[in-house]
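Q:
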Amino acid sequence: MKQQKVVNEAMNTPERRRESRRLYLKKNWQLYALMVLPLIFIFLFKYGAYAGLSIAFKDYKVARGYAGSPWVGFKIFKEMFAHKDFWPSVGNTLFLNVLNLLVTFPMPIILALLLNEVKVKWFKRVSQTLLYLPHFLSWVIIGGLAYQLFSLNNGVINALLTNLGASPIPFIQDDTWWLITYLFISAWQSMGWGTIIYLAAITSVNTELYEAARVDGAGRWKQCVHVTFPCIRSTIVTLLIMNLGKVMQGSFEQIYALMNAKATKYTTVIPVLVYRWGIEGGKFSRATALGLFQSVIGLFLVLVSDFISKKLGEEGLI
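Following this note's numbering, the numbering of the sequence shown begins with 60 at its first residue and continues without gaps.
#1: Residue ranges of each alpha helix (DSSP H) run of no fewer than 4 residues wholly in the stretch 64 to 108, ordered along the chain?
#2: Where do the ends of the alpha helix (DSSP H) carrying Q187 lie?
#3: For A272, which residues from the same chain have a beta carbon less than 6 angstroms from its beta carbon, with the 5 sequence-adjacent residues on both sides left out?
#4: Give the DSSP-derived three-state secondary structure of K324 in the structure shown.
#5: Following the continuous alpha helix (DSSP H) through Q353, name the residue where it begins and the one where it ends.
#6: Let me confirm a value: I239 is counted as buried when at least 16 other C-beta atoms fall within 10 Å, else exposed. Which label applies?
#7: Would you decide whether F359 is buried or exposed? Buried here means 16 or more other CB atoms lie within 10 Å of its CB.
#8: Smallest Cα separation from V131: which of A348, I101, G309, I314?
#9: Hey, how far is the Cα of V66 from the Cα of N87?
#10: Three-state secondary structure (DSSP) at K134?
#11: Is the CB-CB distance between L208 and G214 below 7 angstroms?
#12: Beta-carbon within less than 8 angstroms of G357's beta-carbon, same chain only, minus the 5 sequence neighbours each way: which residues are those?
#13: Can you give me the start and stop residues for the alpha helix (DSSP H) that A316 sits inside?
#14: Could you tell me if G341 is buried or exposed, where buried requires 16 or more neighbouring beta carbons within 10 angstroms of its beta carbon?
#15: Measure the alpha-carbon distance for S399 versus L299 and round it to whole angstroms.
#16: Using only the alpha-carbon positions, how far apart do F230 and L242 sit?
#17: The alpha helix (DSSP H) spanning P55 covers which residue range?
#18: Which word fits R80, buried or exposed, when buried means at least 16 other C-beta atoms lie within 10 angstroms of its C-beta?
#19: Going by alpha carbons, who is nearest to L172 out of S354, I367, L362, I295?
#20: Which one or two residues does DSSP pair with K120 in a beta bridge?
#21: Between T297, L351, E339, S310, which has its C-alpha nearest F366's C-alpha?
#22: Here's a check: name, in chain order, each residue in its chain whose Cβ is nearer than 7 angstroms to the Cβ of E176, leaving out the five neighbours to either side.
#23: Would you be able to state if there are at least three C-beta pairs under 8 angstroms between the stretch 188 to 195 and the stretch 250 to 267?
#24: Pick out whichever of L174, Y83, M139 has its Cα sitting closest to the Cα of I256.
#25: Run through the stretch 220 to 274 for me and flag every whole beta strand (DSSP E) of 3 or more residues, listed as ranges in chain order.
#26: Could you give the residue range of the alpha helix (DSSP H) that holds V306?
#27: Who are the near neighbours of N159 in its chain, counting only those whose CB is closer than 7 angstroms to its CB and skipping five residues on each side?
#28: What number of angstroms, rounded off, separates the C-alpha of S197 from the C-alpha of G203?
Structure, rendered in C-alpha cells:
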C-alpha cells in the first residue's frame with residue numbers, strides 16, 4: 060500500500076498534470092475547435108447584449124446613443140407597470156404558458172414510454188422520424204398550414220365538416236377555439252423532439268431491473284410504472300425546472316403566426332408587447348424594461364423550482 064501511495068504521488072506532480080493536459084488537448088483539439096464558433100456566438104449575442112440593458116434605465120434616443128441618453132432610473136419601469144396593456148399581457152403569458160406546460164410537458168414522456176415498447180425496429184425508426192419532423196418547421200410554415208387546415212371559410216377541416224352536414228367550427232376565429240387550437244399545435248410541434256432526451260434516459264436503465272421485475276411477475280405496464288418511470292424521474296424533474304423558467308417567456312413566433320384580428324383575447328402576451336413597443340412603436344427603453352422584467356421573473360422561477368426539487372430529494376439543476 061505504501062509503495063502504491065508513493066507511485067500515485069509521483070504520478071500526481073504538477074509537471075505530470077500539465078503534461079497530461081497537454082497530451083489531452085493535442086489529442087482532442089478538433090473538439091475544442093468545433094466549440095469556438097458556438098462560444099463566440101454566446102459571448103457576442105448573450106453576454107455582449109448585457110450592455111444594452113442599461114437603456115431600461117435611460118430615456119433612450121437612437122440619435123443620442125447609449126452615452127448621450129439621460130439616466131432616469133426606475134421611471135421607465137413605473138410607466139411600464141402603469142400601462143394599460145402590461146398586466147393583461149402578464150396574465151395572458153402566465154395563463155398560456157402554464158396551460159401549455161400542463162398539456163405539452165407530459166406528452167413527450169408518454170410518447171417515449173410508448174415508443175420504448177415498440178419492438179419492430181423499422182416501424183420505430185419511421186415513427187420517430189415522422190414525430191421529429193414538426194420541430195424543424197418554422198412557425199411561419201406551421202401558421203400557414205394551420206390557416207389552410209382550420210380556416211373558417213376555406214379550411215380543409217371545415218370543408219369536410221360542411222360536406223358531412225355539420226356546422227363549421229371557428230378554430231382560429233373564436234377565442235376559446237383559438238386557445239384549443241394553439242395547445243393542439245404546440246403539443247404536435249414539440250412532443251416528438253422532446254422524446255429524444257427521454258428515450259436516451261430510458262435506454263440507460265439497467266436491464267437487470269426489468270429482469271428482476273419479470274421474475275416477480277410484473278407485466279409490461281408494471282415494469283413501466285415501477286422501473287422505467289422511477290429511473291427517468293431525475294431527467295423529468297430537470298426538464299420541468301427548465302420549462303418552469305420559460306413560464307414568463309412564451310413563444311413570440313408561435314403567437315404571431317397564429318394571431319388574427321378576430322381572436323385577440325389571449326394574443327397580447329409579453330413577447331408580442333415587447334415587439335409592439337420596441338419595433339413598431341420605437342419605445343426601446345420600455346421594451347427593454349419589459350424584457351428585463353420577464354427575464355428576472357424567469358430566473359426567480361428557476362431558482363424557486365430548483366430549491367423545491369432539492370427539498371423533495373431530487374438533484375435539482377444548479
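C-beta: ideal position from N, C-alpha, C; glycine also.
A: In brief:
#1: Counting whole runs of 4 or more residues, the stretch 64 to 108 contains the alpha helix (DSSP H) stretches 73 to 86, 88 to 93, 95 to 101.
#2: Per DSSP, Q187 belongs to the alpha helix (DSSP H) from 180 to 191.
#3: The answer, listed in chain order, is Q282, V286.
#4: Three-state result, K324: coil.
#5: That run of the alpha helix (DSSP H) goes 343 to 370.
#6: Exposed, because fewer than 16 other Cβ atoms sit within 10 Å of the Cβ of I239.
#7: Residue burial annotation: F359 is exposed, with fewer than 16 other C-beta atoms found within 10 angstroms of its C-beta.
#8: Residue nearest to V131 within the set A348, I101, G309, I314 is A348 (criterion: CA-CA distance).
#9: Because V66 sits at a pLDDT of 45, beneath the cut-off of 50, its placement in the model cannot be relied upon, and the following sentence gives the value as read from the coordinates. Those two C-alpha atoms are separated by around 27 angstroms.
#10: The answer is helix: DSSP assigns K134 an H, G or I state.
#11: Cβ atoms of L208 and G214: closer than 7 angstroms.
#12: Excluding residues within five positions, the ones whose Cβ falls inside 8 angstroms are G304, K305, V306, M307, Q308.
#13: Counting along the chain, the alpha helix (DSSP H) containing A316 begins and ends at 311 to 317.
#14: A residue is called buried when at least 16 other Cβ atoms come within 10 angstroms of its Cβ; G341 does not meet this threshold and is exposed.
#15: Outside the displayed span of the chain (60 to 377) sits residue 399, for which this structure offers no information.
#16: In this structure, the straight-line span from the alpha carbon of F230 to that of L242 is close to 12 angstroms.
#17: This structure cannot settle anything about residue 55, because the visible part of the chain is limited to 60 through 377.
#18: Under this definition R80 is an exposed residue.
#19: For the residues S354, I367, L362, I295, the minimum Cα distance to L172 belongs to I295.
#20: According to DSSP, K120 bridges with nothing at all.
#21: Distance check between F366 and each of T297, L351, E339, S310 places T297 closest, using alpha-carbon atoms only.
#22: R279.
#23: With the cut-off at 8 angstroms, the stretch 250 to 267 and the stretch 188 to 195 touch.
#24: Comparing Cα-Cα distances from I256 to each of L174, Y83, M139, the minimum goes to L174.
#25: With a minimum length of 3 residues, no continuous beta strand (DSSP E) run stays inside the stretch 220 to 274.
#26: Where V306 is concerned, there is no enclosing alpha helix (DSSP H), because DSSP gives it neither an H nor an E.
#27: In the same chain as N159, and ignoring 5 residues on each side of it, the C-beta atoms closer than 7 angstroms to its own belong to L242, S245, in chain order.
#28: Cα-Cα distance, rounded: 10 angstroms.
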